[in-house]
Amino acid sequence: MENTRPKRVDIIFLMEGIDPIKVVENAIKKSPDDIILDMIDSGLKGRGGAGFPTGLKWKFTRNEDSYDKYVICNADEGEPGTFKDREILDRVPEKVFAGLAICGYTIGAREGFIYLRGEYNFLLPALNEKLDVFNAGLKKIGLDFTIQMRSGSGAYICGEESALFESMEGKRGEPRNKPPYPTVAGYLGKPTAINNVETLVYAFMIARIGPEKFKEMGTKDSRGSKVFSISGDTPKAGISELELGMSVQQFVDEFGDGDTKAVQVGGASGGCVPRKMFKETIIGYEGIPTGGSMMLFNSSRSMYNVLHDYLEFFTEESCGQCTPCRVGCQQLLKGIEAVKRGEKNPGYLDDLKKLAKTMKVAAKCGLGQSVANPFISIVSNFKEEIIY
Amino acid sequence: MSKYLVNLTINDIPVSVPEGTTILAAAKKLDFRIPTLCYHEDLCVAGNCRVCVVEQVGGRALIAACATPVSEGMQIHTNSAVVRTARKTIIELLLSEHNSDCTKCYKNGNCELQSLAHEYRVGDHVFIDLVNGKHRSIDDLSPSIIKDDSKCIRCQRCVRTCDELQGVSALAVAYKGDHQKISTFLDHPLVEVVCTNCGQCVNRCPVGALIEKTYVEEVWDVINNPNKHVVVQTAPAVRVAIGEELGYNPGERLTGKMVTALKRLGFDSVLDTDFTADLTILEEGTELLTRLKRAVVDKDPTVALPMTTSCSPGWIKFIEHTFPEYLPNVSTCKSPQQMFGALAKTYYAQKKGLKAQDITVVSIMPCTAKKYEANRPEMRSSGYKDVDYVLTTRELGMMIKQAGINFQNLEDSAYDSIMGESTGAAVIFGATGGVMEAALRTVYELVTGREVPFANLNILPVRGMEGVKEAKVKIEGCLPEWKFLDGIEVSCAVAHSLAHARKLMQAVKDGTAHYHFIEVMACPGGCLGGGGQPIPTNEDIRAKRAAAIYGEDEGLPLRKSHENPEVKMIYEEFLGAPNSHKSHSLLHTHYLVRKQY
Ligand code: SF4
Ligand code: SF4
Ligand code: SF4
Ligand code: SF4
Ligand code: FES
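Chains as they are written, first to last, in the working numbering: chain A, 1 to 388; chain B, 389 to 985.
Pasting the structure below:
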């Protein structure tokens, strides 16, 4: 895609001529194993950010021998700068429902849940109304599967899948030890396939049109397209669905304001790409992966403030159970403040980078592990802004 | 399910262990110790402190050895460069958040964080002190327990203890991020919530964040007060555990040396709670028989059965909060400690020609709940506070060390008299099932005139570490006055740890279990695993203390409570008969309904 503009795609929000229940009815004429083969063939990876191949996730859950299994849609969209799932649930909820139903049929689950971010509770009445109709539709086509809504209470950590299960079980949202993984022991200790909102819609579309069209797009490691939440210093803030495989430069050419100095890819827990690396950095699993958040910063922004905000966020949103994350976040935050005030000399930033590296390998879950992403990328590339 | 073996290497040494084994356990097998903080043998795995992280060759991140099961072909390094850096950093982080005033700290010298800090020599760490800015909140309102959040490392051992082991859930994790802490319902002090004062959390806290409230200084003061006659009583479970505070391995029976040490500390009279344990059996046994008679002969529908024991104050507070509708079922007998206190300031005072107000009663207990119990307003039947100070086994160890006594070289000596006589039945009060066994030994003989039909008096079904144990004893060939019991099968249950007690009481409540008599001890293993016992306490150590207790029982000439000569004497001289009016006023009590949070 050298020097071309990012290609806009219209899969996720396309509703014309689509009857989700009909699609489900057709999809389940195939055997679960065939659906799994299609998903694997499509190359679809989880759109929440971690990028686990969806087909494999379904396969592992299907292979578990258990009477009770669950499928869960993770709609706890809390990553700063991400707002695509809200848009999807607002505009095309039936496609999410249908994705859940197809997944449920595939893995052998009879119950599905949508775990909705507490701040999105305003969507609940409409979603519940549509769910009633949809559940009735499933009954009509003879699929033994129902979907219910569940609400979070505003903790970022509950987007971590095992903390989400804890929360759904009525407990404090703290990540669990892994293994066991959700496909083996998830919600209520039963095999659970947990998928991001966007992933389910792509899965639905793959079930509808087959894997070919999907895998034609993107690159070897990052097939298909993706919905981006674009914010910051951009004249085109909002949601865009784009084919994967573009470089940050191509992205900035399209969405920047002409003065972009850095792009934070993947939200607060993602990495910061400075201007000098725009060209070489591919947005995708071969480069910098993202759950969809793209924050653009122009030269009027202080990267110290950006990093400070992120660290404040993590210091508050860490569940607090494990040492590297609970204490590490506080140390990183207090540390850059001390350097800024001149109470610690600039060399202390190297100690902090070492700390961030330890957090990356020693924290219990993805939250604590990923704090190193913004920290190291911002401190390394904008050292002067941090110190002075 | 048969388990197959998994092969792996740890620090390049091959090892095979059954599937499901943790890396921590596999390493132990090869004599590699991996440091831990949140891990405790008695509890489910939390995996939150992260000091146990190890490197798996090819792995993306380090893994927690306590929380990760082995897998085939794994190559683990427990001391590689990246592991060492991570481990040291984690200890440093903990210290940056910790009020590390070791020299002023109660746990100085027996602290897992301190040992790690020492092992890794992290004195010069670079991190910013986070304690300063934070409010230091100390809850010292409970007579049993002090909670100091500035020492807490958030390992959640206490939370897991209170929830899983005790089924109480007085402690929980509250807030998140930098505000995360261990708290109670609405941050109320421990005395105002469902806490039973069992001290199991204290026993498992690796640092000084949960400690017993100590009365050692007060006790030294009374010992040194020439106007006070200071009487000390020792609970059954202390004698098999005190050694652990003084350099012995677990399971050592040290009754004689302990008595000598107490005399050397300066107590005026060294007496035995065993005496009132035997007395409890006669009082409680009679109470049980009376209830059975009312049920069987008088067909009185109001009689509260099953009757439960009452010697564990943690259990009493638990049932007051949790199953208050069953309070009539609880024996009205005070615990042996409180019977002792009431008698020391009446009977003993009278016999010794002392005034009650000049006597101070000190108890050495395996228990922190006993501290709370002694402070209950009901416990003043002598007209004074019946028991003045309660010390734990650990505090006794501390006093012996402070006095410079070379414990290991002490000669044995015998308890003083009166109220120093013991039987094997009293000693086994210290183990789960012991009260039941002692009661059966006496009640059966009282009713039939024959010994309980178990080989060598050992009622094995009520022994051991099963959470809930059941036994049935058929009563046959009764003496004439007990004819109404002929053919009745007395059905008994024994529970230890409050989580099991809850299960048992729920079954009784649901009508799915039917018993005549229930023994409950709040602590795992009974008093031998009490919250005031030496740290560490775990399954293996409890088993060793139990073996010592049963050994002590077998070694004693008298093994039935009703044979205790001092018990016979006190009925003749002072109390009259079991459950007499005088007994009731001194040895029995009543309970309160408490709120459920
Ligand atoms: S890394 Fe942070 S959020 Fe994750 S378990 Fe540890 S403290 Fe909780
Ligand atoms: S808890 Fe341990 S490390 Fe902390 S002050 Fe006390 S002895 Fe020292
Ligand atoms: S003393 Fe017992 S009941 Fe109280 S908080 Fe500790 S473990 Fe829970
Ligand atoms: S109080 Fe003690 S046991 Fe509880 S979390 Fe804190 S350090 Fe751990
Ligand atoms: S001991 Fe393993 S994480 Fe704490």
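Idealized CB from N, CA, C, for every residue including glycine.
Computed from a predicted structure; not experimentally measured.
Original post:
Does any heavy atom of ligand 3 sit closer than 6 angstroms to the C-beta of Gly585/B?
Top reply: Sequence index remark: in the second sequence, residue 585/B carries index 197 (1-based). The residue you asked about is not Gly; residue 585/B is Asn in the sequence shown. Yes, the beta carbon of Asn585/B sits closer than 6 angstroms to at least one heavy atom of ligand 3.
**OP:** Starting from the N-terminal end, write out each residue whose C-beta falls within a distance shorter than 6 angstroms of any non-hydrogen atom of ligand 2.
**Re:** With the cut-off at 6 angstroms, the residues found are His486/B, Ser488/B, Asp489/B, Cys490/B, Cys493/B, Lys495/B, Asn496/B, Cys499/B, Leu501/B, Gln502/B, Lys539/B, Val595/B and Gly596/B.
Subject >> Chain-ordered neighbours of Lys485/B on chain A, where CB pairs are closer than 7 angstroms >> reply: As a first step, residue 485/B must be located in the second sequence, where it is residue number 97. Here the sequence assigns Glu to residue 485/B, which means Lys is not the residue at that position. Within 7 angstroms Cβ-Cβ: Val327.
**OP:** Compare the C-beta of Thr572/B with all C-beta atoms of chain A and state if any pair is closer than 7 angstroms.
**Re:** Within the second sequence, residue 572/B is the residue found at index 184, counting from 1. No, its Cβ sits nowhere closer than 7 angstroms to a Cβ of chain A.
Subject >> Any non-hydrogen atom of ligand 5 closer than 6 angstroms to Arg438/B Cβ >> reply: Locating residue 438/B in the second sequence gives position 50, where the first residue counts as 1. Yes.
Original post:
Assuming Leu481/B contacts Gly328/A under a Cβ cut-off of 8 angstroms, what Cβ separation, rounded to an integer in Å, is found between them?
Top reply: Your numbering for residue 481/B matches position 93 in the second sequence. Your numbering for residue 328/A matches position 328 in the first sequence. The C-beta distance from Leu481/B to Gly328/A rounds to 6 angstroms, short enough to fall under 8 angstroms.
Original post:
Is the number of C-beta pairs between the segment 530-539 of chain B and the segment 503-517 of chain B that are closer than 8 angstroms three or more?
Top reply: Touching, no.
Subject >> Contacts that Asp351/A makes with chain B (C-beta to C-beta distance below 8 angstroms) >> reply: By one-based count along the first sequence, residue 351/A stands at place 351. The answer, in chain order, is Val514.
Original post:
Closer than 7 angstroms, CB to CB, is Arg438/B near chain A or not?
Top reply: Against the second sequence, residue 438/B aligns to sequence position 50. Yes, Arg438/B lies at the interface with chain A (some Cβ there is under 7 angstroms from its Cβ).
Subject >> chain A within 7 angstroms of Gln568/B, Cβ atoms only >> reply: Walking along the second sequence from the start, residue 568/B turns up at place 180. Yes, contact with chain A.
Original post:
Beta-carbon of Val361/A versus every beta-carbon of chain B: anything under 7 angstroms?
Top reply: Position 361 of the first sequence, counted from the first residue, corresponds to residue 361/A. Cβ-Cβ to chain B under 7 angstroms: yes for Val361/A.
**OP:** May I have the straight-line CA-CA distance separating Thr836/B from Phe842/B, to the nearest angstrom?
**Re:** Indexing the second sequence from 1 puts residue 836/B at position 448. Indexing the second sequence from 1 puts residue 842/B at position 454. When rounded, the separation of the alpha-carbon atoms in Thr836/B and Phe842/B is 14 angstroms.
**OP:** Less than 8 angstroms between the CB atoms is what I'm expecting for Val23/A and Phe204/A, so what's the real figure, rounded?
**Re:** Along the first sequence, read from residue 1 onward, the residue named residue 23/A stands at position 23. Along the first sequence, read from residue 1 onward, the residue named residue 204/A stands at position 204. Right, their Cβ atoms sit about 7 angstroms apart.
**OP:** Give a yes or no on whether 7 angstroms exceeds the smallest Cβ distance from Met1/A to chain B.
**Re:** Along the first sequence, read from residue 1 onward, the residue named residue 1/A stands at position 1. Reliability fails at Met1/A, whose pLDDT of 48 lies under 50, so the model's placement of it is uncertain and no value is given.
Original post:
For Pro32/A, which residues does DSSP report across the bridge?
Top reply: For the purposes of this step, residue 32/A is identified with residue 32 of the first sequence, where counting begins at 1. In DSSP, Pro32/A forms no bridge with anything.
**OP:** Compute the Euclidean distance between the alpha carbons of Arg438/B and Ala109/A, then round it to the nearest angstrom.
**Re:** The residue you call residue 438/B lines up with position 50 of the second sequence. The residue you call residue 109/A lines up with position 109 of the first sequence. If you draw a straight line from the Cα of Arg438/B to the Cα of Ala109/A, it comes to about 35 angstroms.
Subject >> Lys970/B vs Leu963/B beta-carbon contact at 7 angstroms >> reply: Counting from 1 along the second sequence, the entry for residue 970/B is found at position 582. Counting from 1 along the second sequence, the entry for residue 963/B is found at position 575. Judged by beta-carbon spacing, Leu963/B lies within the 7 angstroms limit of Lys970/B, meaning their Cβ atoms are closer than that value.
Subject >> Val561/B: contacting residues in chain A (beta-carbon distance under 8 angstroms) >> reply: Position 173 of the second sequence, counted from the start, is the residue given in the question as residue 561/B. Result: Arg172, Glu174, Gly320 and Gln321.
**OP:** May I have all residues whose beta carbon comes closer than 6 angstroms to any heavy atom of ligand 1, sorted in chain order?
**Re:** Result: Ile157/A, Pro175/A, Ser318/A, Cys319/A, Gly320/A, Gln321/A, Cys322/A, Cys325/A, Arg326/A, Ala363/A, Lys364/A, Cys365/A, Leu367/A and Gly368/A.
Subject >> Proximal residues of chain B, C-beta to C-beta of Glu79/A below 8 angstroms >> reply: As a position in the first sequence, residue 79/A is number 79, starting the count at 1. Near Glu79/A there are no residues of chain B at all, since even the closest Cβ is about 16 angstroms away, more than 8 angstroms.
Subject >> Inter-residue Cα distance where the pair is Ser151/A and Pro754/B >> reply: Here the question's residue 151/A lines up with position 151 in the first sequence. Here the question's residue 754/B lines up with position 366 in the second sequence. C-alpha separation (whole angstroms): 46 angstroms.
Original post:
If you check the beta carbons only, do Met303/A and Glu241/A fall under 7 angstroms apart?
Top reply: Working through the first sequence from its first residue, we reach residue 303/A at position 303. Working through the first sequence from its first residue, we reach residue 241/A at position 241. Cβ atoms of Met303/A and Glu241/A: not closer than 7 angstroms.
**OP:** Put Glu343/A into one of helix, strand or coil per three-state DSSP.
**Re:** For the purposes of this step, residue 343/A is taken as the residue at position 343 of the first sequence. Residue state, collapsed to three classes: coil.
Original post:
Comparing the C-beta of Ala453/B with each C-beta of chain A, is any distance below 7 angstroms?
Top reply: The sequence position of residue 453/B within the second sequence is 65, counting from 1. False, the Cβ-Cβ gap to chain A never drops below 7 angstroms.
Subject >> Proximal residues of chain A, C-beta to C-beta of Leu598/B below 7 angstroms >> reply: The count along the second sequence starts at 1 and reaches residue 598/B at position 210. Within 7 angstroms of the CB of Leu598/B, no CB atom of chain A is found; the nearest one sits about 18 angstroms away.
**OP:** Indicate the three-state DSSP secondary structure (helix, strand or coil) for Tyr70/A in the structure shown.
**Re:** For the purposes of this step, residue 70/A is taken as the residue at position 70 of the first sequence. In this structure, Tyr70/A counts as strand in the three-state DSSP scheme.
Original post:
With C-beta atoms as the reference, is Thr82/A less than 7 angstroms away from Ser229/A?
Top reply: The residue given as residue 82/A occupies position 82 in the first sequence. The residue given as residue 229/A occupies position 229 in the first sequence. In this structure, Ser229/A lies closer than 7 angstroms to Thr82/A by Cβ.
Subject >> Closer than 6 angstroms: Cys721/B CB and nearest ligand 5 heavy atom >> reply: Taking the first residue of the second sequence as 1, we reach residue 721/B at position 333. No, Cβ of Cys721/B sits at least 6 angstroms from all heavy atoms of ligand 5.
Original post:
Does the Cβ of Leu482/B lie closer than 6 angstroms to at least one heavy atom of ligand 4?
Top reply: Your numbering for residue 482/B matches position 94 in the second sequence. No, the Cβ of Leu482/B stays beyond 6 angstroms of every heavy atom of ligand 4.
Original post:
Counting along the chain, where does the alpha helix (DSSP H) carrying Arg472/B start and finish?
Top reply: Here residue 472/B corresponds to residue number 84 of the second sequence, with the count starting at 1. First-last of the alpha helix (DSSP H) with Arg472/B: Ala469 to Ser484.
**OP:** Note down the Cα distance separating Val856/B from Gly170/A, rounded to an integer number of angstroms.
**Re:** Walking along the second sequence from the start, residue 856/B turns up at place 468. Walking along the first sequence from the start, residue 170/A turns up at place 170. Here the C-alpha atom of Val856/B lies approximately 28 angstroms from the C-alpha atom of Gly170/A.
**OP:** Please list, in chain order, all residues of the same chain as Ser751/B whose beta carbon is under 6 angstroms from its beta carbon, the five residues on each side excluded.
**Re:** Counting from one through the second sequence, the residue named residue 751/B turns up at place 363. Within the same chain, Ser751/B has close Cβ partners Gln621, Gln725, Val775 and Val778.
Subject >> Counted within 10 angstroms of its Cβ, other Cβ atoms place Ser404/B as buried (16 or more) or exposed >> reply: Locating residue 404/B in the second sequence gives position 16, counting from the first residue. With fewer than 16 Cβ atoms within 10 Å of its Cβ, Ser404/B is classed as exposed.
Original post:
Run through DSSP, which three-state label would Cys589/B get?
Top reply: Taking the first residue of the second sequence as position 1, residue 589/B is located at position 201. Three-state DSSP puts Cys589/B in a helix.
**OP:** Please state if the CB of Phe905/B and the CB of Pro694/B are separated by a distance shorter than 7 angstroms.
**Re:** Taking the first residue of the second sequence as position 1, residue 694/B is located at position 306. Taking the first residue of the second sequence as position 1, residue 905/B is located at position 517. Contact flag set, yes.
Original post:
By Cβ distance below 7 angstroms, which residues in the same chain neighbour Ser459/B in space, the five residues on each side in sequence not counted?
Top reply: Here residue 459/B corresponds to residue number 71 of the second sequence, with the count starting at 1. For Ser459/B, the CB contacts under 7 angstroms within the same chain, skipping 5 residues up- and downstream, are Val394 in chain order.
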